[in-house]
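Undergrad: Read in numbering that gives the first Met the number 0, the sequence shown has 138 at position 139, and its numbers run on one by one without any break. Below is a structure I'd like to ask you about.
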Amino acid sequence: MGLITEEKRGAILIWTLDREARLNALPDLGDGDEVAAACERVNADSSIRCVVLTGAGRAFSAGGDLTAMRDRRDLFEGSGAAIRERYRRVVHRIVRSLYGLEVPLIAAVNGPAMGLGCDIAGLSDIRIASERASFGVPFLKLGIIPGDGGSWLLPRNIGYARAAELLFTTRSIDAATAAEWGLVNRVVAHDDLMTEALAVAAQVAAQPPQALRMAKTLLRQGRDTTFDQMLEMSAAMQALAHLTEDHQEGVAAVLEKRPGDFTGR
């Protein structure tokens, strides 16, 4: 069974993790290829300006499949070298692909987001949580460590001390605490989650698409580049942005006190 179902609404694409009976556990062995292909399609499609990611049923994603871990099958089968290679080709392909998504990604976290599920939510640019959401990285409870890059990602999202508390205690936090810690942008009533996420997505999708993708690139690169490197990248991308028709439209729209009508040219 595949992992993601897709629904396109204009310039917005909705991805749903669709393994409700298994609390959207992941990854199965084919998930790396599936997520990579989905991200490549978005990156190649200039009509898509924003992606919203949510989960089917009562969970966002429970993370790894504990029965597969117990039975040493699928991702967890064989020697240490074999398991390492599957992590690289499946788990790492998922997180690299999501991190490399060129359009803004909004996580609509509808329920528990644990382990890899928590880190996938954390890869999103904007995170909106249902009041029923919870977050945790209980790897140590299982005698393992974050194999998905979470030890790099989580401190960048919430700071070292809070990341250390989550990882070392293995406890989970509720949606209100996640908002207080900066793991999510805000918490909304469960029944309002997708309405709110799509409203934010519509605001994002209203922006000029070329400049939108460049802005996301700069934000991501800014985590690890020097200020001088960021200035050079910004100057190069700004020069390209100034030559677009959308730039002319944006200036005209502001001067004329009307919404911009951006075409991606």
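The beta-carbon is built from N, C-alpha and C at its ideal position, and this holds for glycine as well.
Assuming Arg155 contacts Arg222 (C-beta within less than 8 angstroms), just tell me the rounded distance between them.
TA: Their Cβ separation, rounded to whole angstroms, is 6 angstroms, which keeps Arg155 and Arg222 in contact under 8 angstroms.
Undergrad: If you compare alpha carbons, which of Leu2, Leu52, Arg88 and Pro103 is closest to Asn42?
TA: Nearest of Leu2, Leu52, Arg88 and Pro103 to Asn42, Cα basis: Pro103.
Undergrad: As a quick exercise: from Ser129, Ile144 and Asp147, pick the residue whose alpha carbon is nearest that of Ala178.
TA: Out of Ser129, Ile144 and Asp147, Ser129 has the C-alpha closest to the C-alpha of Ala178.
Undergrad: Candidates Ala201, Val253 and Thr243: which alpha carbon is nearest Cys49's?
TA: Ranking the options by Cα distance to Cys49, first place goes to Ala201.
Undergrad: Buried or exposed: where does Ile144 fall if 16 or more other Cβ atoms within 10 Å of its Cβ makes it buried?
TA: Exposed, by the Cβ-count rule.
Undergrad: On the criterion of 16 or more Cβ atoms from any shown chain inside 10 Å, does Phe138 qualify as buried, or is it exposed?
TA: The residue is buried, with at least 16 neighbouring Cβ atoms inside 10 Å.
Undergrad: Roughly how many whole angstroms lie between the Cα atoms of Gly148 and Pro26?
TA: Cα to Cα, the separation comes out at about 14 angstroms.
Undergrad: For Arg126, report the span of its beta strand (DSSP E) as first-last.
TA: Note, Arg126: beta strand (DSSP E), Ile125 to Ser129.
Undergrad: Output the distance between the C-alpha atoms of Ile3 and Ala24, rounded to the nearest integer angstrom.
TA: Between Ile3 and Ala24, the C-alpha separation is close to 12 angstroms.
Undergrad: Can we say the segment 99-119 touches the segment 60-71, given the rule of at least three CB pairs closer than 8 angstroms?
TA: Because the criterion of three Cβ pairs below 8 angstroms is met, the segment 99-119 and the segment 60-71 touch.
Undergrad: Taking only the alpha-carbon atoms, compute the straight-line gap between Arg85 and Asp118 and give it to the nearest angstrom.
TA: Approximately 18 angstroms between the Cα atoms of the pair.
Undergrad: From the beta carbon of Gln228, is the nearest beta carbon of chain B less than 9 angstroms away?
TA: Absent from the structure: chain B. Only one protein chain is present.
Undergrad: Whose C-beta lies closer than 7 angstroms to the C-beta of Lys256 among residues of the same chain, with five residues either side of it excluded?
TA: Correct list: empty, nothing qualifies.
Undergrad: Note down the Cα distance separating His189 from Asn109, rounded to an integer number of angstroms.
TA: One C-alpha to the other measures close to 7 angstroms.
Undergrad: Whole angstroms is fine: what's the gap from Ala235's alpha carbon to Thr243's?
TA: Rounded to the nearest angstrom, the two C-alpha atoms are 14 angstroms apart.
Undergrad: Does the distance from the C-beta atom of Gly259 to that of Gly249 stay below 9 angstroms?
TA: Yes, the pair counts as a contact, with Cβ atoms nearer than the cut-off.
Undergrad: State the CB to CB distance for the pair Ile105 and Ala196, rounded to an integer number of angstroms; the pair is presumed to be in contact (CB under 8 angstroms).
TA: Confirmed, Cβ separation roughly 5 angstroms.
Undergrad: Are the beta-carbon atoms belonging to Ser96 and Gly31 less than 9 angstroms from one another?
TA: Result yes, Cβ atoms of Ser96 and Gly31 sit closer than 9 angstroms.
Undergrad: Using three-state DSSP, classify Asp147 as helix, strand or coil.
TA: Three-state DSSP puts Asp147 in coil, outside helix and strand.
Undergrad: Would a C-beta distance cut-off of 9 angstroms place Gln220 and Gln228 closer than the cut-off?
TA: Contact flag set, yes.
Undergrad: Among Arg185, Glu6, Val199 and Phe226, which one has its Cα closest to the Cα of Ala132?
TA: The shortest C-alpha separation from Ala132 is found at Arg185.
Undergrad: Return yes when the Cβ of Ile93 is within less than 9 angstroms of the Cβ of Val51, no when it is not.
TA: Contact: no.
Undergrad: Around the Cβ of Gly121, are there at least 16 other Cβ atoms within 10 angstroms (buried) or fewer (exposed)?
TA: Its Cβ being crowded by 16 or more others within 10 Å, Gly121 is buried.
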